[in-house]
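Quick notes on the structure that follows.
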Amino acid sequence: MRVDGRNVNELRKIHMETNFTKHPEGSVLISVGDTKVICNASIEDRVPPFLRGQGKGWITAEYAMLPRATGQRNIRESSKGKISGRTMEIQRLIGRSLRAVVDLDKIGERTVWVDCDVIQADGGTRTASISGAFVAVVLAFGKLVDNKALKEFPIKNYLAATSVGILPDGTEILDLCYEEDSSAKVDLNIVMNGNNEFVEIQGTGEEDTFSYDELTKMLKLANDGLKEIFEVQRVAVGKWHEKLLANQKESNEDRAMKDETNLTSNEK
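Counting in my numbering, the sequence shown runs from -15 upward without gaps.
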C-alpha cells in the first residue's frame, strides 16, 4: 500500500482550470494531487536574434517555485541573483518538450513565453508543468487563430508528462508524491506525445541500479497513466481537440510517407 492509499498504477487526481488568469493568451492552473502549478503562455511578436529573418518562431519556458510552496520557506532565486542548476534543467525540459509538438514554421516570427510557477509542491512539479503548459499553449495559439493572427493551428500532437519510480521494497509505481520521490531508489520522468511516442525520458538510479525488465514495467505504467492525462487535456482544450486530432493524423501521414521514401532509397 502506498503512503496515500493509491494503487501502484494509479495517478493522483488531476484537474485543470483554464483561463485562470486574464492577461496571458493562455492560462491554466493544473493540480496533480497536492501539487499545483500556474502555467501561463504569452506570445510576443519577435524572436531571439538567432532566428531573425528566418520566418519561424520559438518557444521557451521559465520555471519557479513560490517561497512557501514547500514545507519550509525557500529564498526566491531572484533574491539570490542566479537560478539553480535544477531550475535551468527543468526550464529547458519544458521548452524542449513543447517545441517537439509545435510546427514553429507556422507561427511566424513570434516567441511563446511559458511561465510555470509552482504554488504548492508535493512531487512531480516538472511533469505537472509540462502537462499544464501544453494546454496553456493550445489556448494561446487558439486565440491567435480566432483573431486571424494565425492562418493555421500549429500544434501537431498532444503532449503530457508523468513520473514513475521504484520504492525501496522494489515496487514499481506511477506518479510519485513527494514522500515517495524522496525515498525512491529509482526515479524517472516520462514525456510522451499522443502517438505513444517518447519525447523525453529522464531516468536516475538514486540509490540503486535498475534492470531492463524494471524499466519496461515503469514505461508501461507511464504509458497507461499518460493516456488518462491526455483525456483530462482533451476536455481542457475544448473546441481545439478536433483540430489537434486532424493535425496529429496529418503529421502521422507525413511521417509514413517519409519513412516509405527512406526505405525505397535504402533498397536502391
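For every residue, glycine included, the Cβ atom is placed at its ideal position computed from N, Cα and C.
Shortest Cα-Cα distance from residue -10 to any of 3, 165, 160 and 171 involves 160. As the crow flies, the alpha-carbon of residue 145 is around 24 Å from that of residue 51. For residue 186, the uninterrupted beta strand (DSSP E) segment begins and ends at 182 to 188. Taking the C-beta atoms as reference points, residue 103 is found nearer than 7 Å to residue 20. The Cβ-Cβ distance between residue -8 and residue 155 falls below 7 Å. Buried is the label assigned to residue 114, since at least 16 other Cβ atoms lie within 10 Å of its Cβ.
Excluding its 5 nearest sequence neighbours in each direction, residue 106 has C-beta neighbours in its own chain below 7 Å: 17, 18, 19, 161 and 162, listed in chain order. In terms of Cα proximity to residue 70, the closest of 95, 98, 110 and 3 is 110. Excluding its 5 nearest sequence neighbours in each direction, residue 61 has C-beta neighbours in its own chain below 6 Å: 67, listed in chain order. Under the rule that a run must span 4 or more residues, no alpha helix (DSSP H) segment is found entirely inside the stretch -1 to 31. The C-alpha of residue 23 lies about 35 Å from the C-alpha of residue 196. By the criterion of a C-beta distance shorter than 7 Å, residue 30 is surrounded in its chain by 93 and 95, once the five residues flanking it on both sides are discounted. Sequence-distant Cβ neighbours of residue 91 in its own chain, meaning closer than 6 Å and more than five residues away, are 41 and 138. Under the three-state reduction of DSSP, residue 236 is assigned to helix. Around the Cβ of residue 99, a 10 Å sphere holds 16 or more other Cβ atoms; the residue is buried. In this structure, residue 84 sits near residue 183, with a CB-CB distance shorter than 7 Å. DSSP places residue 162 in the helix class (H, G or I) of the three-state scheme. Residue 175 and residue 150 do not touch by the CB rule: their CB atoms are close to 19 Å apart, not below 8 Å. In the three-state DSSP reduction, residue 38 falls in the coil class, being neither helix nor strand.
Secondary structure of residue 149 (DSSP, three-state): strand.
Here residue 220 has 0, 2 and 119 as same chain residues with Cβ atoms under 6 Å from its own Cβ, once five neighbours each way along the sequence are excluded. Each of 239, 240 and 11 was checked against the Cα of residue 121, and the nearest Cα belongs to 11. Under DSSP, residue 171 forms a beta bridge with 149 and 188. Judged by their CB atoms, residue 46 and residue 27 are not nearer to each other than the 7 Å cut-off. Membership of residue 155 in any alpha helix (DSSP H) is not indicated, and neither H nor E is assigned to it by DSSP.
For the set 202, 32, 233 and 5, the Cα lying nearest the Cα of residue 178 is the one of 233. Put simply, the backbone Cα of residue 241 is about 42 Å away from that of residue 6.
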